[in-house]
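Heads up, the thing below is written out as C-alpha cells.
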Amino acid sequence: MNNGSLIEKYNVPGPRYTSYPTVPFWKNNDLSESQWLETIHQNRMAFNSNELSLYIHLPFCESLCTFCGCHKRITKNHNVEEPYIDTLIKEWNLYNEQVFHDDYRIKELHFGGGTPTFFTPDELIRLLQGLFKTDSIDPEKCELSFEAHPGNTSIEHLDKLYRFGFRRLSLGIQDYNEEIQKAIHRIQSFEQVKEVHEAARKMGYTSISHDLVFGLPKQTLEHINFTIDQTLRLMPDRISLYSYAHVPWIKGVGQRGFSEADLPKDEEKRALYETAKLKLEAAGYIEIGMDHFALAHDPLAIALRNKTLHRNFMGYTTQYTDLLIGLGMSAISDSWFGFAQNDKTVESYQETVNSGKIPVFRGHILTKTDLIIRKCILDLMCHFETNINEISDDSVKQKIIDDLSELESDGLVIISKDVVSVPERGIPFVRNICMCFDQYLSERTTTNLFSKTI
Ligand code: SF4
4 MNNGSLIEKY
14 NVPGPRYTSY
24 PTVPFWKNND
34 LSESQWLETI
44 HQNRMAFNSN
54 ELSLYIHLPF
64 CESLCTFCGC
74 HKRITKNHNV
84 EEPYIDTLIK
94 EWNLYNEQVF
104 HDDYRIKELH
114 FGGGTPTFFT
124 PDELIRLLQG
134 LFKTDSIDPE
144 KCELSFEAHP
154 GNTSIEHLDK
164 LYRFGFRRLS
174 LGIQDYNEEI
184 QKAIHRIQSF
194 EQVKEVHEAA
204 RKMGYTSISH
214 DLVFGLPKQT
224 LEHINFTIDQ
234 TLRLMPDRIS
244 LYSYAHVPWI
254 KGVGQRGFSE
264 ADLPKDEEKR
274 ALYETAKLKL
284 EAAGYIEIGM
294 DHFALAHDPL
304 AIALRNKTLH
314 RNFMGYTTQY
324 TDLLIGLGMS
334 AISDSWFGFA
344 QNDKTVESYQ
354 ETVNSGKIPV
364 FRGHILTKTD
374 LIIRKCILDL
384 MCHFETNINE
394 ISDDSVKQKI
404 IDDLSELESD
414 GLVIISKDVV
424 SVPERGIPFV
434 RNICMCFDQY
444 LSERTTTNLF
454 SKTI
C-alpha cells in the first residue's frame with residue numbers, strides 16, 4: 004500500500020497520549036482532595052524520592068488566536084495579574100503544608116499558557132520567589148523554562164528570568180506567512196522573533212525552541228518551506244512542529260475564524276510535515292518522538308540517544324520525575340498513580356484556593372492494568388518500542404496483538420515475541436499503534452473527542 008492510501012486508511016480521530024487514560028475517559032469525575040493527595044503519598048512511598056516537576060499555567064492572553072486549543076482567558080485588563088499570582092503561591096503553600104512539609108526538590112519548572120509574558124517581569128519574579136523562597140536558582144539543579152510570545156516578550160522579561168535561573172524558552176511562531184497569520188489571528192514578523200531570539204542567545208539562554216504548526220488554514224508546501232527557511236536563519240536548539248488539531252466542537256468559537264475548506268487535506272497535511280522534516284534533517288536536526296526536532300548538542304537529543312526521554316502533559320521532556328504538580332486554572336497534575344485537573348475557570352480556581360482547598364475537580368486513579376498500559380504507550384511515544392511481557396491478563400494482551408495485526412500487515416509495526424516496535428515507515432502512525440493498547444477507546448459513543456492522528 005502506498006503512503007497516500009495508508010494515510011487515508013489510518014487518519015482517524017485519536018488521542019495524542021500526553022496521558023493514559025486520556026482525559027475524556029477519566030473515571031473520577033468528582034475526585035476529592037484527599038483521594039488526590041493519597042496518590043501523592045503513594046508516589047513518595049513507591050519511588051522513595053522527593054523530586055518533582057512543576058507546571059504553572061498562566062492563562063491570560065491579550066487577543067485570541069483562532070487556531071488555539073489551550074485553556075485561556077482573553078483580556079487586556081492587567082489588574083488580573085496580582086490576584087492570580089497570589090493564588091498560585093497560596094496553592095503551592097497548600098501542597099507544601101499538606102503533603103511535602105518542605106521536603107521536596109523541584110527538578111523542572113515550566114511556565115505555560117495562555118501567555119506567560121502577558122505578566123510583567125516583576126509579577127513573574129514575585130511568583131518565583133514565593134515558590135522557591137529564594138531570589139535565584141542554580142540552573143544545573145533545576146531546569147526552568149517559559150513560553151514566550153514574540154510580540155510581548157521584553158528584554159526585561161528575558162533579563163529578569165535569566166537572572167533567576169531560566170536557561171530555556173520556547174517562542175510561539177506557528178508560520179511566517181502573512182496570509183496564514185491573518186487567518187489564525189496571530190500576527191508577528193520574522194524581525195520580532197529574531198530580536199527576542201538573538202537577545203536571549205546573547206544573554207546566555209542555552210536552549211531556545213521555536214514552536215511551529217503544520218496543517219494550518221491556507222498552509223501550502225511553499226509556506227512550510229518558507230517558514231523552515233526562516234527558522235533555519237536562526238538555528239534554534241529545538242523545534243516543535245505540532246500538528247494543527249482541528250476540534251472546533253470542543254474548543255468553541257476560537258477555531259471558527261476560518262473555513263474548513265481552508266484546511267489542507269489528509270495527504271497534503273502529512274506532506275507539509277515530511278517536507279519540513281527533510282529540510283530540518285538536512286540542516287542537522289534530529290527527529291524526537293512524534294513532533295519535535297533538536298540539534299545534537301541539545302539535552303532532548305541527548306535524552307533520545309540515552310533512552311531517557313520522557314513525555315508528560317508538557318510534551319517531551321528530559322527531566323524524568325514521577326510527580327508533576329500543575330498549578331493554576333485548569334492545570335493537570337500527575338502522580339503516576341493518579342491524574343487530577345484544577346478548576347477550569349479563573350474565578351472558581353481562585354475561590355477554591357482562597358477557601359483553603361487544593362482546587363482539583365476531576366481526575367483518574369489508575370488501575371494495575373492502566374499502569375502497565377500507560378508504560379507501554381509512553382515507551383512507544385518516546386522510543387518507538389515497548390515490551391508487552393508485563394501485561395499479565397492474557398485476554399488484554401491477545402486483543403492488543405489482534406488489534407495490531409492490520410498495522411503489522413501494512414508494515415507499520417513489528418511484533419517479535421513480546422517486543423512491539425515501530426519501523427521508520429510506521430512513525431507517522433504511532434498514535435494509531437498506541438490506540439491498539441488503549442483499553443478505553445471502545446467506550447467511545449462519539450468520534451468527536453479527538454483530532455485526527457496524522
Ligand atoms: S495560541 Fe497562545 S497566545 Fe494565542 S490565544 Fe492560545 S494561548 Fe493565547
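Heads up: the sequence shown at position 395 corresponds to 398 in this note's numbering, and the numbers run straight through without jumps.
Using N, Cα and C, we set each Cβ at its ideal position, and we do this for glycine too.
Next item on the list: State the Cα-Cα distance for the pair residue 198 and residue 410, rounded to the nearest angstrom.
Entry: Taking the sequence shown and counting its residues from 1, the one referred to as residue 198 is at position 195. Taking the sequence shown and counting its residues from 1, the one referred to as residue 410 is at position 407. So the two alpha carbons sit approximately 46 Å from each other.
Next item on the list: Grab the span of the alpha helix (DSSP H) containing residue 106 for me, first residue to last.
Entry: In the sequence shown, residue 106 corresponds to position 103, counting from 1. Note, residue 106: premise wrong, no alpha helix (DSSP H); not H, not E.
Checklist line | Assigned exposure category for residue 344 - 16 Cβ within 10 Å defines buried | finding: Position 341 of the sequence shown, counted from the start, is the residue given in the question as residue 344. By the 10 Å Cβ count, residue 344 comes out buried.
Next item on the list: Can you grab the Cα-Cα spacing for the pair residue 180 / residue 226, in whole Å?
Entry: Along the sequence shown, read from residue 1 onward, the residue named residue 180 stands at position 177. Along the sequence shown, read from residue 1 onward, the residue named residue 226 stands at position 223. Taking the straight line joining both Cα atoms gives about 6 Å.
Next item on the list: Under 8 Å Cβ to Cβ from residue 323, same chain only, skipping five residues before and after it: list those, please.
Entry: Against the sequence shown, residue 323 aligns to sequence position 320. Closer than 8 Å at Cβ, skipping near neighbours: 311, 313.
Note to self: Cutting at 8 Å between CB atoms, please list the residues of its own chain near residue 207, excluding the five before and the five after it.
What the structure shows: Along the sequence shown, one-based indexing puts residue 207 at 204. So the qualifying residues of the chain are 165, 170.
Check: Roughly how many angstroms separate the alpha carbons of residue 277 and residue 97, rounded to a whole number?
Finding: Taking the first residue of the sequence shown as position 1, residue 277 is located at position 274. Taking the first residue of the sequence shown as position 1, residue 97 is located at position 94. One C-alpha to the other measures close to 46 Å.
Next item on the list: Hey, could you find the ends of the beta strand (DSSP E) residue 336 is sitting in?
Entry: The count along the sequence shown starts at 1 and reaches residue 336 at position 333. Start and end: 335-337.
Item checked: Buried versus exposed call for residue 422 [16 or more other C-beta atoms within 10 Å across all chains shown] -> Here residue 422 refers to the residue found at position 419 when the sequence shown is read from its first residue. Exposed is the call here.
Check: Hey, is residue 324 close to ligand 1, as in C-beta under 8 Å from one of its heavy atoms?
Finding: As a position in the sequence shown, residue 324 is number 321, starting the count at 1. No, since every heavy atom of ligand 1 falls outside the 8 Å radius drawn around the Cβ of residue 324.
Notebook entry, point to check: Between the Cα of residue 167 and the Cα atoms of 454, 134, 426, which residue gives the shortest distance?
Noted result: Stepping through the sequence shown from its first residue, residue 167 is reached at position 164. The option with the nearest alpha carbon to residue 167 is 134.
Item checked: C-alpha distance - residue 4 paired with residue 418, whole-angstrom precision -> Translated into the one-based positions of the sequence shown, residue 4 becomes position 1. Translated into the one-based positions of the sequence shown, residue 418 becomes position 415. Going from the Cα of residue 4 to the Cα of residue 418 covers about 19 Å.
Check: Can you pull the DSSP bridge partners for residue 288?
Finding: Working through the sequence shown from its first residue, we reach residue 288 at position 285. For residue 288, which the question treats as bridged, DSSP gives the partners 298.
Check: Is DSSP giving residue 178 helix, strand or coil here?
Finding: Stepping through the sequence shown from its first residue, residue 178 is reached at position 175. Three-state result, residue 178: coil.
Note to self: In the DSSP output, which residue or residues are listed as bridge partners for residue 351?
What the structure shows: Residue mapping note: residue 351 aligns to position 348 of the sequence shown, counting from 1. Answer is none; residue 351 lacks a bridge partner.
Margin query: Suppose you measure from the CA of residue 455 to the CA of residue 442; what does that come to, to the nearest Å?
Written below: By 1-based counting over the sequence shown, the position of residue 455 is 452. By 1-based counting over the sequence shown, the position of residue 442 is 439. Spanning the two alpha carbons is a distance of roughly 19 Å.
Next item on the list: Could you tell me the boundaries of the alpha helix (DSSP H) in which residue 38 lies?
Entry: Numbered from 1 along the sequence shown, position 35 holds the residue referred to as residue 38. Where residue 38 is concerned, the enclosing alpha helix (DSSP H) stretches over 36-50.
Check: Taking the alpha-carbon positions, what's the residue 14 to residue 296 distance?
Finding: Sequence index remark: in the sequence shown, residue 14 carries index 11 (1-based). Sequence index remark: in the sequence shown, residue 296 carries index 293 (1-based). One C-alpha to the other measures close to 23 Å.
Check: Can you give the Cα-Cα distance for residue 306 and residue 67, rounded to whole angstroms?
Finding: Position 303 of the sequence shown, counted from the start, is the residue given in the question as residue 306. Position 64 of the sequence shown, counted from the start, is the residue given in the question as residue 67. Roughly 35 Å separates the two Cα atoms.
Next item on the list: Compute every distance between the C-beta of residue 281 and the non-hydrogen atoms of ligand 1, then say whether any falls below 8 Å.
Entry: Translated into the one-based positions of the sequence shown, residue 281 becomes position 278. No, since every heavy atom of ligand 1 falls outside the 8 Å radius drawn around the Cβ of residue 281.
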